[in-house]
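Just so you know, we're using my numbering here: the sequence shown kicks off at 1 and counts up by one.
All C-beta atoms in this analysis are idealised placements derived from N, C-alpha and C, irrespective of residue type, glycine included.
Below is one structure, written out as structure tokens; the observations come after it.
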Amino acid sequence: MKVIHEKHPLAMRWTHWVNFPILLVMIWSGMLIYWANDAYKIEIFGYTFIHFFPDWFYKLLHIPARLAEGMAFHFLFMWFFTLNGIFYLLYTLISGEWRQLVPNRHSFKEAWQVLLHDLHIRKFSPPQKKYNAAQRIAYTAIIIMGFGSVITGLAIYKPVQLYWLTWICGGYHFARIIHFVLTLGYVLFFMIHVMQVVLAGWNNFRSVISGFEVKELEPVPVPAIKKVQPKPKKIVKKPQVTDKTKKSDENDRK
């Protein structure tokens with residue numbers, strides 16, 4: 001027997017799908033900005049061995065050297081990214097959905113078991129509710145990463161006006177490194193997330209679009225009814241009347 005129940009509310013789905021194109025634009029425009037100053041490299045005694053992104057990477061993606069365009073898109077869409085994140089946080093706090101997302105003290109142990117199950121090393125996965133332990137850790141981490149991207153992004157965007165924020169981030173250059181590493185984290189999360197969605201199947205993907213999930217209920221075993229056999233009636237024997245009992249009765253009457 002199959003049943004349909006709601007899994008993802010509209011607000012969760014909205015913020016999820018809106019965030020996807022915003023992050024794509026942010027990463028793409030960030031690459032345009034980074035190419036203007038490709039600073040991260042392995043250099044020893046003034047000799048550069050390798051850049052973080054080699055030349056073939058830029059040629060493969062046809063990334064144009066348009067710094068002004070990259071900054072314009074990046075600084076525009078960062079507000080959409082921030083507002084979408086604020087709305088998501090407010091909804092999870094008000095609705096109570098955060099209880100399904102925040103990991104507990106058993107999550108890290110169970111996340112390892114989930115990983116072993118996904119790698120087909122362990123037969124059974126630990127019990128889960130709406131999200132498993134690995135998802136709880138990943139989704140909480142991505143929220144923290146988003147907060148870090150906004151803070152470091154503002155520190156890079158306005159290092160003079162927001163000098164105190166830049167100082168908290170360890171200076172302009174360190175803030176840029178953190179911002180860059182967080183971007184790599186988004187790309188890694190996106191790749192793992194898509195792979196997990198493919199492995200989970202169409203039913204899970206459909207629930208993120210429609211909000212509903214189809215589940216098949218296991219039949220509940222009906223206990224067998226035992227036939228109760230009637231207990232045999234006890235046969236009460238009447239006492240036999242003899243001549244002696246008759247005489248004793250007559251004497252009792254006298």
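- Here DSSP, grouped into helix, strand and coil, assigns H51 to strand.
- Contact check for I50 and K41: beta-carbon distance about 6 Å, within the 8 Å limit, so the pair qualifies.
- The DSSP-derived three-state label of E97 is coil.
- Less than 7 Å divides the Cβ of Y88 from the Cβ of T15.
- From the listed residues I94, K123 and I137, the smallest Cα separation to A111 is found for I137.
- Here G70 really is in contact with L32; their C-beta atoms are around 3 Å apart, less than 8 Å.
- Per DSSP, the continuous beta strand (DSSP E) segment holding K41 begins and ends at K41 to I44.
- Nearest to W35 by alpha-carbon distance, out of F52, R122, F73 and W79, is F52.
- Pairing T166 with Y157 gives a Cβ-Cβ distance that is not under 7 Å.
- Distance from the CA atom of G30 to the CA atom of G153, rounded to whole angstroms, is 11 Å.
- The alpha-carbon separation between F57 and P64 amounts to approximately 12 Å.
- F189: member of the alpha helix (DSSP H) spanning Y172 to A200, first to last residue.
- Rounded to whole angstroms, the separation of the alpha carbons of V194 and V214 is 21 Å.
- In this chain, the alpha helix (DSSP H) harbouring H16 covers L10 to A36.
- Between V114 and A133, the gap from beta carbon to beta carbon is short of 7 Å.
- A direct Cα-Cα distance of roughly 46 Å separates A72 from H120.
- Closest by C-alpha distance to H74, out of L199, V150, G96 and G185, is V150.
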